[in-house]
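Peer 1:
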Amino acid sequence: MQFSNTGQGPLQVPGFNGIPLDYQLPREDRFAHGFVEFRHTPRLTAREVAMLRVMEAVTEEARWDEAVLQPDESRLAQWHENAQKTEGFLISPAAWDWCIAELRDKAMAWRTSGRMLLLNTSSAVCVAEDVTLASSFQRLIARLAPGQTSRAKPSPESPDYLHLVDPFLYPLVYGQTWLLVSGGHVPVTISCQEAPVPAHPVDQMRRRLRINPRTGHPNWSRRSGAVESCWSNHFQRLPCEVKFSSDGTKDVCITSYINNLHPQHHRDLYALLEKLIAQAIPTWNDVLFKGTHGRTPPRILTYGFETHNGEYPPWFDRVKTPNTMYRHYKVAHTEEQWQEVCDLVRPYLALPEPPVWKQAYPRRPDEPEDWLAVMTPDNPTDAKVWKAGKYTGRAIIPQARGRFPDPEHHGSASINLAEQFQEDGLQVVVQVSRIDLTPDNPTYAGESMFRVEGLLNEHVAANTVYCVDEENVTEAQFTFQHEDKIHSHEYDHSNSHVMSSILDLPDWDYLEDPLLPAVHTLGSVPARRGRLLSWPNTLRSKADSFTLQDPRRAGHRTLIKLWLVDPHYRICSTRNVPPQQHDWWAEAARKAAGLDARLPAELVLLIIDQTESWPMSMADALDLREEFRQEQARTYQAVHDAAGHHVVGDLDAIRDFIAHGESP
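Here the sequence shown is numbered in our numbering, starting from 1268 and rising by one per residue.
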């Protein structure tokens, strides 16, 4: 399938001229996404997640790279002690040695490239910093804000969140928006250009969405149908076009207007955004991947455990059953049988407690680390083996039933967007937002749920957040999680409590507790002034809450967000859609018709006022934005609900429960 939106011929993008709106390239021919598709598997161990969090925490320390590369033993010892306080027995000496070895690589990358990967598993967060660029942005956005007041309406999710450049305003509305579907392009200088309204693309979908007649929106159910709710047959945000430099430099040029940011009124801001996109591109190279395996293999891979000194009393097999089976065990026996079992167990319970190292599974994070023989890498040199990708598929304890081979985890193919897409360039959605806090409203609540960004028809491949400015507010953080899945047949469930501890799951009683969602929260990364964070759209993200530092004074934080459209596709962009803003059109029409030279100023203003609904009024745009945001919120919810649940425990026991009329 060939995509094209150059304007040199008919528009060839999903939804138009015979290409289905819901067309997807094969996984190996595009970047991975998290819309009910990519899952990290197998689930990370608790120790590996603790190591990820510890390494991220170290990189927040002042001159951390110096302390790691030119070992400052006192600081390293202090960090190790802090790690043990926060993560407990999980940060064993071997795990700490691994962390230091990996941190040396991160420090060298930070010094040579100005970038590093954090929380790096199959997906990763790439961090870069440029405080100088933030200062330049700060001045220009301060000038931008007054002129954008009429459009900077509060976000429905948070009344203190103002979008100064809002891609949800004046989007592509299928069946309503003017579109150069037969060819031609919108000049970046802006003109009063008209175009036809093409047919609604719902007629060009491979699968018809099941529309709920009551709500007018797609129906979906769990994983099998949730993907349908990730497509929108109503809306799409409009990216701008970004061209690579032909002289071999890393510079880029924005060649079509940024929606809701006038290219002639804000030329200086366009120039800065070009610099920001140029800085984001290497971070996208570092985090994007194709297929199902991700970029980084697991550090610790196991499907089971070994217990130390695991002798059992002779009566153990008679009463062996998980704690959650107590109720079923009791009702399955007569009172006499139950008393006989109790008489066998009572003398054992009266014995002195065994040494803690003989216990079968950890209950508290402050207890010793050596109950389990499988949760630590063998030695520090394993970090080098892992870095080379040779740890792939090597499980410490193999799968319980061996139904499937260990997966290949390391998708190490490098990405170079500038080389691969030199001719077509990139498509990027831009948003500029400010969060204002006051003594009367001192807290930003954060985002309500983890989300995969965008809609599936927008084909978002990567996300970037850049913190421009912050004043009198506490630290901002973004928390990340990925979808995973525990397949019970792969794991040793002879003691589900042990396996739950290894896999970073809470104790779970499937008779009484809700099902465990099949997601794994990896940790948080701060977004301070001048810092750029990028991550693939396989990760779920959530902006965390923050407050005023001094509750007596107002404060604010300004963020720029970039969404990279998967460049293996082309979608409708501002190159193909004439501006829909009335004031943009009126200014261009006024100049093209020479109204100021031909008519009195009062008549010119009257004409402008009488045409306020052309091409679209602000009132209509705000109504459509609200509909668009509601549709986006439904997609967030659909992806959230479609993750499914883990089932941890003895499957035979669970089936037995179901056979007896009880359901987990």
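Glycine included, each C-beta is placed from N, C-alpha and C at the ideal position.
My output table needs one value for Gln-1337: the three-state DSSP class, helix, strand or coil.
Peer 2: Start at 1 with the first residue of the sequence shown, and residue 1337 comes out as number 70. Three-state DSSP puts Gln-1337 in coil, outside helix and strand.
Peer 1: Between the Cα of Lys-1828 and those of Arg-1819, Gly-1822, Gln-1345 and Ala-1810, spot the shortest distance and give me the residue it belongs to.
Peer 2: Counted from its first residue, the sequence shown places residue 1828 at position 561. Ranking Arg-1819, Gly-1822, Gln-1345 and Ala-1810 by Cα distance to Lys-1828 puts Ala-1810 first.
Peer 1: From which residue to which residue does the beta strand (DSSP E) around Met-1383 run?
Peer 2: Along the sequence shown, one-based indexing puts residue 1383 at 116. Per DSSP, Met-1383 belongs to the beta strand (DSSP E) from 1382–1385.
Peer 1: Taking 7 Å as the CB-CB cut-off, is Thr-1563 touching chain E?
Peer 2: The structure shown contains no chain E; it is built from a single protein chain.
Peer 1: Give the range of the alpha helix (DSSP H) segment to which Thr-1550 is assigned.
Peer 2: As a position in the sequence shown, residue 1550 is number 283, starting the count at 1. Looking at the DSSP string, the run of the alpha helix (DSSP H) that includes Thr-1550 is 1534–1554.
Peer 1: For Gln-1275, count neighbouring C-beta atoms within 10 Å of its own C-beta (all shown protein chains included) and say buried if the count is 16 or more, exposed if not.
Peer 2: In the sequence shown, the residue the question calls residue 1275 occupies position 8. Counting Cβ neighbours within 10 Å, Gln-1275 comes out exposed, since fewer than 16 surround it.
Peer 1: For the beta strand (DSSP E) holding Cys-1520, just list the boundary residues, first then last.
Peer 2: The sequence position of residue 1520 within the sequence shown is 253, counting from 1. Start and end: 1519–1521.
Peer 1: Short of 6 Å in beta carbon distance, which residues of its chain neighbour Arg-1534, apart from the five on each side in sequence? Order them along the chain.
Peer 2: As a working note, residue 1534 is residue 267 in the sequence shown. Cβ within range, chain order: n/a, list empty.
Peer 1: Please classify Lys-1557 as buried or exposed, where buried requires at least 16 other C-beta atoms within 10 Å of its C-beta.
Peer 2: Within the sequence shown, residue 1557 is the residue found at index 290, counting from 1. The residue in question, Lys-1557, is buried, as its Cβ has 16 or more Cβ neighbours within 10 Å.
Peer 1: Can you check which of these residues, Arg-1796, Ala-1391, Phe-1270 and Leu-1319, is closest to Gln-1405 by C-alpha distance?
Peer 2: For the purposes of this step, residue 1405 is identified with residue 138 of the sequence shown, where counting begins at 1. Of the listed residues, the one whose Cα sits closest to Gln-1405 is Arg-1796.
Peer 1: Return yes when the Cβ of Leu-1555 is within less than 7 Å of the Cβ of Ala-1685, no when it is not.
Peer 2: As a first step, residue 1685 must be located in the sequence shown, where it is residue number 418. As a first step, residue 1555 must be located in the sequence shown, where it is residue number 288. Not closer than 7 Å, so no.
Peer 1: Report the CB separation of Glu-1757 from Pro-1309 in whole angstroms; it is logged as a contact under 8 Å.
Peer 2: Mapped onto the sequence shown, residue 1757 falls at position 490. Mapped onto the sequence shown, residue 1309 falls at position 42. Their Cβ separation, rounded to whole angstroms, is 7 Å, which keeps Glu-1757 and Pro-1309 in contact under 8 Å.
Peer 1: Report the three-state DSSP secondary structure of Lys-1557 (helix, strand or coil).
Peer 2: What you label residue 1557 is simply residue 290 of the sequence shown in a count that begins at 1. Of the three classes helix, strand and coil, the one that applies to Lys-1557 here is strand, per DSSP.
Peer 1: Only counting the same chain, and skipping five residues up and downstream in sequence, which positions put a Cβ closer than 6 Å to that of Ala-1374?
Peer 2: Here the question's residue 1374 lines up with position 107 in the sequence shown. Result list for Ala-1374: Asp-1332, Val-1335 and Leu-1336, in chain order.
Peer 1: Can you check whether the CB of Leu-1370 is closer than 7 Å to the CB of Val-1325?
Peer 2: Within the sequence shown, the letter at position 58 stands for residue 1325. Within the sequence shown, the letter at position 103 stands for residue 1370. Yes. Within cutoff.
Peer 1: Once DSSP output is grouped into helix, strand and coil, what is the label at Ala-1344?
Peer 2: Taking the first residue of the sequence shown as position 1, residue 1344 is located at position 77. Looking at Ala-1344 - three-state DSSP - the assignment turns out to be helix.
Peer 1: Can you name the start and end residues of the beta strand (DSSP E) that His-1756 belongs to?
Peer 2: The residue labelled residue 1756 in the question sits at position 489 within the sequence shown. Segment: none, His-1756 is in no beta strand (DSSP E) and carries neither H nor E.
Peer 1: Buried or exposed for Glu-1893, going by 16 or more other Cβ atoms inside 10 Å?
Peer 2: Within the sequence shown, numbered from 1, the residue matching residue 1893 stands at position 626. Exposed is the call here.
Peer 1: Output the distance between the C-alpha atoms of Ala-1853 and Ser-1390, rounded to the nearest integer angstrom.
Peer 2: In the sequence shown, counting from the first residue as 1, residue 1853 sits at position 586. In the sequence shown, counting from the first residue as 1, residue 1390 sits at position 123. Spanning the two alpha carbons is a distance of roughly 46 Å.
Peer 1: By DSSP's criteria, Ala-1374 is part of a beta bridge. Which residues make up the other side?
Peer 2: The sequence position of residue 1374 within the sequence shown is 107, counting from 1. DSSP output for Ala-1374 lists no bridge partner at all.
Peer 1: For Arg-1865, write down the residues that DSSP places opposite it in a beta bridge.
Peer 2: Stepping through the sequence shown from its first residue, residue 1865 is reached at position 598. In the DSSP output, where bridge partners are listed per residue, Arg-1865 has none listed.
Peer 1: Which term fits Asp-1890, buried or exposed, when burial requires 16 or more other beta carbons within 10 angstroms of its beta carbon?
Peer 2: As a working mapping, residue 1890 is identified with position 623 in the sequence shown. Answer is exposed; the Cβ neighbour count stays below 16.
Peer 1: Let me know the secondary structure DSSP gives Arg-1630 once reduced to three states.
Peer 2: As a working mapping, residue 1630 is identified with position 363 in the sequence shown. Because the pLDDT of Arg-1630 is 40, which lies under 50, any placement of that residue in the model is unreliable, and the question is left without a value.
Peer 1: Taking only three categories from DSSP, how would you classify Leu-1684?
Peer 2: Translated into positions along the sequence shown, residue 1684 becomes position 417. The answer is helix: DSSP assigns Leu-1684 an H, G or I state.
Peer 1: According to DSSP, is Phe-1745 part of a helix, a strand, or is it coil?
Peer 2: On the sequence shown, residue 1745 is found 478 positions in, with the first residue counted as 1. Strand, per DSSP.
Peer 1: What residue from Glu-1602, His-1849 and Lys-1654 has the CA that sits closest to Leu-1887's CA?
Peer 2: Here the question's residue 1887 lines up with position 620 in the sequence shown. A quick correction: the sequence has Asp, not Leu, at residue 1887. Looking at the Cα atoms, His-1849 is the closest of the given residues.
Peer 1: Are the CB atoms of Pro-1434 and Gln-1694 nearer to each other than 7 Å?
Peer 2: Locating residue 1434 in the sequence shown gives position 167, counting from the first residue. Locating residue 1694 in the sequence shown gives position 427, counting from the first residue. Cβ atoms of Pro-1434 and Gln-1694: not closer than 7 Å.
Peer 1: Spell out the partners DSSP gives Ile-1702 in its beta bridges.
Peer 2: Within the sequence shown, the letter at position 435 stands for residue 1702. DSSP output for Ile-1702 lists Tyr-1428 and Arg-1824 as bridge partner(s).
Peer 1: Please classify Asp-1553 as buried or exposed, where buried requires at least 16 other C-beta atoms within 10 Å of its C-beta.
Peer 2: If you number the sequence shown from 1, residue 1553 lands on position 286. By the neighbour-count rule (16 or more Cβ atoms within 10 Å), Asp-1553 is buried.
Peer 1: Please name the residue, chosen from Leu-1288, Pro-1803, Ala-1680 and Val-1509, that lies closest to Phe-1688 on a Cα-to-Cα basis.
Peer 2: For the purposes of this step, residue 1688 is taken as residue 421 along the sequence shown, with counting starting at 1. For the residues Leu-1288, Pro-1803, Ala-1680 and Val-1509, the minimum Cα distance to Phe-1688 belongs to Val-1509.
Peer 1: For Pro-1635, name the three-state secondary structure that DSSP assigns.
Peer 2: Counted from its first residue, the sequence shown places residue 1635 at position 368. Because Pro-1635 sits at a pLDDT of 39, beneath the cut-off of 50, its placement in the model cannot be relied upon, and the following sentence gives the value as read from the coordinates. Coil, per DSSP.
Peer 1: Between which two residues does the beta strand (DSSP E) holding Ala-1886 run?
Peer 2: Taking the sequence shown and counting its residues from 1, the one referred to as residue 1886 is at position 619. Note, Ala-1886: premise wrong, no beta strand (DSSP E); alpha helix (DSSP H) at 1885–1909.
Peer 1: Can you grab the Cα-Cα spacing for the pair Glu-1340 / Val-1392, in whole Å?
Peer 2: Reading the sequence shown from its first residue, position 73 is the one you call residue 1340. Reading the sequence shown from its first residue, position 125 is the one you call residue 1392. Roughly 28 Å separates the two Cα atoms.
Peer 1: How should Ala-1329 be labelled, buried or exposed, when 16 other C-beta atoms within 10 angstroms of its C-beta is the threshold for buried?
Peer 2: Residue 1329 sits at position 62 when you count from the first residue of the sequence shown. Exposed, because fewer than 16 other Cβ atoms sit within 10 Å of the Cβ of Ala-1329.
Peer 1: Give the DSSP bridge partners of Glu-1737, in chain order.
Peer 2: Within the sequence shown, the letter at position 470 stands for residue 1737. Arg-1824, per the DSSP bridge assignment.
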